[in-house]
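**Q** First, the structure itself, so that you have it in front of you.
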Amino acid sequence: MVQSSASNTAPNTTFSTQHTRLILELLPFKEQDQFQEWLASEHVRGSWLEFQQDFLSANADILEPDKAKTAQAAKEAIGSRTPNYLLYHPDKTGWSEQDHHVRFIVQVVTDNMLKGSVWSENDFRKRGLEITKAVYEVLSYLRASQIKAEQPPPGYKA
Numbered sequence: 001m002v003q004s005s006a007s008n009t010a011p012n013t014t015f016s017t018q019h020t021r022l023i024l025e026l027l028p029f030k031e032q033d034q035f036q037e038w039l040a041s042e043h044v045r046g047s048w049l050e051f052q053q054d055f056l057s058a059n060a061d062i063l064e065p066d067k068a069k070t071a072q073a074a075k076e077a078i079g080s081r082t083p084n085y086l087l088y089h090p091d092k093t094g095w096s097e098q099d100h101h102v103r104f105i106v107q108v109v110t111d112n113m114l115k116g117s118v119w120s121e122n123d124f125r126k127r128g129l130e131i132t133k134a135v136y137e138v139l140s141y142l143r144a145s146q147i148k149a150e151q152p153p154p155g156y157k158a
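First residue of the sequence shown: 1, per full-length UniProt numbering; consecutive thereafter.
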C-alpha cells in the first residue's frame, strides 16, 4: 500500500484551525492538541487509512454523501450491530460512497466506545445521532485537510 506523506500525518493545522474549533465544539476535547493527538491515535488512524485505501484513493473527487442520512445510517448500524460495518475485513463489493462513510463512522465510534477513550455506551445511547454527526465532521475534516495538503501551491501570472 502506497501512501502520500499527507496521509501519514495529522491534518495541516494552519489550513484547518477554524474547522478544528468547530469540531472541538462537537467533541469532548478541550484543546486543539488533544484533538490532533486523537486524530493520530489508533482510535481514528486505522479507520482513516482504510477509508483512504478502499474508497478515497479512487474517488477523491466524489462529493460527500448527505450528512443527516449518513449519520442516521451509522447510528442504526451501531445500534443493530450490522456486521457489514463491524467486521474486521468486510466484503465491500458493490459498496456506495455512503457505505464507506458509514463504515468509517461506525469504526471510529465503536473503537472509541470499546476503549472508553471518548464515548461510553451510555453516551451513545443518549446522544448517538449527535456523536455520529460529529464523527462525520471529523471525516470531512480529514478529507479536506488531505486535499488541501496535496494541492500544489497557487501559480502566479506575471
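We treat Cβ as the ideally placed atom computed from N, Cα and C, and that holds for glycine.
Flag this pair as yes or no: are the beta carbons of valine 138 and valine 109 separated by less than 7 Å?
**A** Valine 138 is not a Cβ neighbour of valine 109, given a cutoff of 7 Å.
**Q** If you follow the alpha helix (DSSP H) that aspartate 99 is part of, which residue opens it and which one closes it?
**A** Counting along the chain, the alpha helix (DSSP H) containing aspartate 99 begins and ends at 97-115.
**Q** Hey, threonine 70 and glutamine 98: beta-carbon distance below 7 Å or not?
**A** yes
**Q** Determine the DSSP secondary structure at alanine 158, reduced to helix, strand or coil.
**A** Confidence at alanine 158 is low in this model, with a pLDDT of 47, below 50, so the placement of that residue should be treated as unreliable; the coordinate-derived value is given next. Alanine 158: coil per DSSP, three-state reduction.
**Q** Using DSSP with H/G/I as helix, E/B as strand and the rest coil, what is phenylalanine 124?
**A** In the structure shown, phenylalanine 124 adopts helical secondary structure according to DSSP, grouped into three states.
**Q** Could you tell me if asparagine 112 is buried or exposed, where buried requires 16 or more neighbouring beta carbons within 10 angstroms of its beta carbon?
**A** buried
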